[in-house]
Every structure is written in C-alpha cells, then in structure tokens.
Amino acid sequence: MLERICEYRPAGRWVQFQCLLPHRHKNGDAHWSGLAWIGDKGELVARCQGCGAGFKELVDAVGLPQTEWFPDKGRRYEFANKGGRATTAKQEPEPVSDPVAIYQYRDEAGELLFEKLRYEPKRFQCRRPTPADVRRRADISDGVVSWVWGVSEGIYSRPSRDGAWDLVPARHDHQIAVKVDECRRVLYRLPELLAANKEAPVFLVEGEKDVETLKSLGLTAVCTWAGSGSVDPAWLLPLVDRRVVVVPDNDEVGRSHAMRCVGWLVCGGVRSVRVLWPGECGYDPAPGGDISDWLAAQDPDGGGAKASLIELCKRAHEYK
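Each number in the numbering used here comes from the position in the sequence shown (counting from 1) with 6 added on.
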C-alpha cells in the first residue's frame, strides 16, 4: 500500500516511510520518521516517531478505505484506541472493479515505465510490464501479457492458480517467488514536457486528473507519481531552465507538498517559480478542492478558463 502514496524502504524487521503528515515536521519529514511492522499477534502496527501520529491518524491523512492498506482484501481492520495497532476481522472480499482511468508514465523516449490505475471510490494501484529477465525467472511464456503490481524493489510472486501471469507482492501461498528491481519514477507527461516550448509556463500540480484538465486547455502540466505523498529532487530535474507554476490543492497536505517542491526547484536552477496559493490572487478553490474544481466553477463552459488562469499566474508570488 505504501508504494502507492509515498516512498518507503526496508529497515530490518520494520518498514520505514516518510510521515503522511509532513506539515507536522519542520523539514517535511526528510528523516523518514514513519515505521510499520507486524505485531506479535499478526496485527499491523504503524506510527510516526517524529510527530507521534498513530495508525488511525496516518490512515485518515490519506483518505482511503482501511481495507486498502492491506494485501489481504478478505479481511477488515479495526483500530484500537491506543498504540496505533490494527486488529483483523473477517469480511467478504470486495468486488473487483474496472479502473476509471489509467495514467501511463513514460520515459524520455516514450517507453512505458509503469501505469497508475485510478478506481472509484478514490484509490490507486500501480503496475508495470514484467521485465524480460523476470519473465524468464518466473516461467512466463513469451507473448503472454504480464504485469508486476508495484513499482518498488521487492520479492514478487505468481499466485498459485493456473493461468495467473501477473506478479504481486509475495505471500506464503504463492508460487515462483522472484526478486524484482525498483521501477524508475518520472514526471507524468514527461515526453510532452520535453517537447514543449521552453518559454511557456509549466504547471506542477498534485495529480494526473489535474494534468489532463490543463492539457485539455493546451497548457503544459506535470505531476509527480506520488501526488502530495512525497517528492524526490531527481524527478524535478526536467524542470530546470523552465518557468514553473506550482498549483497546490486547498489543504494542508497540498501546501506542505508545494513548499517542498518550491525548495527543490529554487535550489535546482529553474528560471522562475511561482505558486498559486489558495486564497491569494483570486485563486480560491473550495476547501479540499484542486485546480480542476476551480476551473470548472470559474468557467463552466471552458471558454475563458485558460485566459483566467494565465492572468492569475502573472499575479502569483514568485520565489527566487
């Protein structure tokens, strides 16, 4: 689950991750204060050692159903009042739904790196084409469509049922476990960014939906694969020598994410960085809203939406 919303890494018997409440940390939790592990009774335990957030606070910060945090969809997890522990209770498996959108992340040459699938109610999953060397080790025939469900390095396996060619995070009842290397992360719509006019502004937004909204207006926009979950300065390198406009969502997580991006962009040598802070310069999406919501409310017919946005950018605060 963590791979869909933030960066994480193994740390002995624990998993270390960046806190999902970065606004509680002076440095956005650059020290990776979050820890998760399996308790003595098989329950999942997670807390932030920096700000003291327990499991329920971390889950609430993401806004996803509790069941989405666990690979076993046949269980429901309830939270104790203290200690940040989660206990299990049996539940019927959730029905599998089709994604409402599939966002493809491609490298500089246009080659597919991975896909991010969006479902309703809002949740995400990432998958990538199974690499050739992994296909051989997992005994997957040529010509068979196969995905690795995850972008992090780890041990993946094929489920035990016949005809299942996808690789998922390994479980004890799966067969043919193989190690899969980490997938490279890039900006969403990277090829379009590289082909765009360098004098035109580039909008750095929080999610793929907003990128597509701005693209429909003829504007250049990108986002990081993890949304507001985390940011790696390496992902932002293609924005060097560009005029960047950062557009956060109207919430604390969005503001914290924007400030981290601004810091890296200013240090990284972009030509200019402006931020459309909610509540300033006429940019006033509803609480929790984003640029797509604001554009829809500003101009339902879409005729003057682009001109309104460009005018806002001229008045936005510039960081140097």
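Think of the CB as a built atom: it goes at the ideal place given N, C-alpha and C, for glycine as much as any other residue.
Predicted model, so just to flag it, every value in this text is computed and none were measured.
Quiz item: Which two residues bound the contiguous alpha helix (DSSP H) that contains Q55?
Solution: Careful: Q55 lies outside any alpha helix (DSSP H) and carries neither H nor E.
Quiz item: Closest by CA to V252, which one among H29, F209, A144?
Solution: F209
Practice problem: Please classify W270: does DSSP put it in a helix, a strand, or coil? | Solution: Correct three-state label for W270: helix.
Quiz item: Exposed or buried, which one is P239 when buried takes at least 16 other CB atoms within 10 Å?
Solution: exposed
Exercise. Mind listing, in chain order, the continuous beta strand (DSSP E) runs of no fewer than 3 residues lying wholly within the segment 271 to 307?
Key: 278 to 281
Self-check item: Closest residue to V211 among V281, W38, Q24 (Cα-Cα distance)
Solution: V281
Practice problem: Give the range of the alpha helix (DSSP H) segment to which S314 is assigned. | Solution: 311 to 321
Quiz item: Does DSSP classify K62 as helix, strand or coil?
Solution: helix
Practice problem: State the start and end residues of the unbroken alpha helix (DSSP H) segment that holds R141. | Solution: Its alpha helix (DSSP H) spans residues 138 to 143.
Exercise. Return the chain-ordered list of same chain residues with a C-beta closer than 7 Å to the C-beta of R277, the five sequence neighbours on each side being excluded.
Key: D247, R248, R249
Quiz item: Just checking, does the segment 294 to 305 make contact with the segment 253 to 263 on the three C-beta pairs under 8 Å criterion?
Solution: yes
Exercise. May I ask you to report which of helix, strand or coil DSSP gives W153?
Key: W153 falls in the strand class under three-state DSSP.
Quiz item: How many Å lie between V21 and G310 at the Cα?
Solution: Near 48 Å, if we compare the C-alpha coordinates of G310 and V21.
Quiz item: How far does the beta strand (DSSP E) with S147 in it reach, from first residue to last?
Solution: Unbroken run through S147: none, as it is neither H nor E.
Practice problem: With DSSP collapsed to three states, give me the class of A227. | Solution: strand
Quiz item: Among C54, E205, L41, which one has its Cα closest to the Cα of L27?
Solution: C54
Practice problem: Return the residue from the list G274, A313, G213 that minimises the CA-CA distance to N123. | Solution: The question names Asn, but residue 123 is Leu in the sequence shown. Taking only the C-alpha atoms, the option nearest L123 is G213.
Quiz item: How is P254 classed by DSSP in three states: helix, strand or coil?
Solution: coil
Exercise. Can you grab the Cα-Cα spacing for the pair T136 / A232, in whole Å?
Key: 21 Å
Quiz item: Where V186 and D139 are concerned, what is the direct C-alpha to C-alpha distance, given to the nearest angstrom?
Solution: A direct Cα-Cα distance of roughly 9 Å separates V186 from D139.
Quiz item: If you count every other CB in all the chains shown that lies within 10 Å of the CB of D216, and 16 or more means buried, which is it?
Solution: buried
Quiz item: The alpha helix (DSSP H) spanning L200 covers which residue range?
Solution: It spans 196 to 201 - the alpha helix (DSSP H) in which L200 sits, taken as one unbroken run.
Quiz item: Exposed or buried, what is P284 when buried is set at 16 or more other beta-carbons lying within 10 Å of its beta-carbon?
Solution: buried
Quiz item: Which one of V237, L223, P207 has the shortest CA to CA distance from C229?
Solution: V237
Self-check item: Beta-carbon proximity of E121 to Q110, cut-off 8 Å
Solution: yes
Quiz item: Taking the continuous beta strand (DSSP E) assigned at V208, which residues delimit it?
Solution: Segment 207 to 210, the beta strand (DSSP E) holding V208.
Quiz item: If you draw a straight line from the alpha carbon of V279 to that of E324, how long is it in whole angstroms?
Solution: 6 Å
Quiz item: Thinking C-beta only, is A144 closer than 8 Å to I182?
Solution: yes
Quiz item: What distance in whole Å lies between the Cβ atoms of V51 and A59, which are believed to be in contact at a cut-off of 8 Å?
Solution: Between the beta-carbon of A59 and that of V51 there is about 13 Å, and that puts the pair past the 8 Å contact cut.
Quiz prompt | For R195, the nearest candidate out of I316, T226, D172, W171 (CA to CA) | solution = T226
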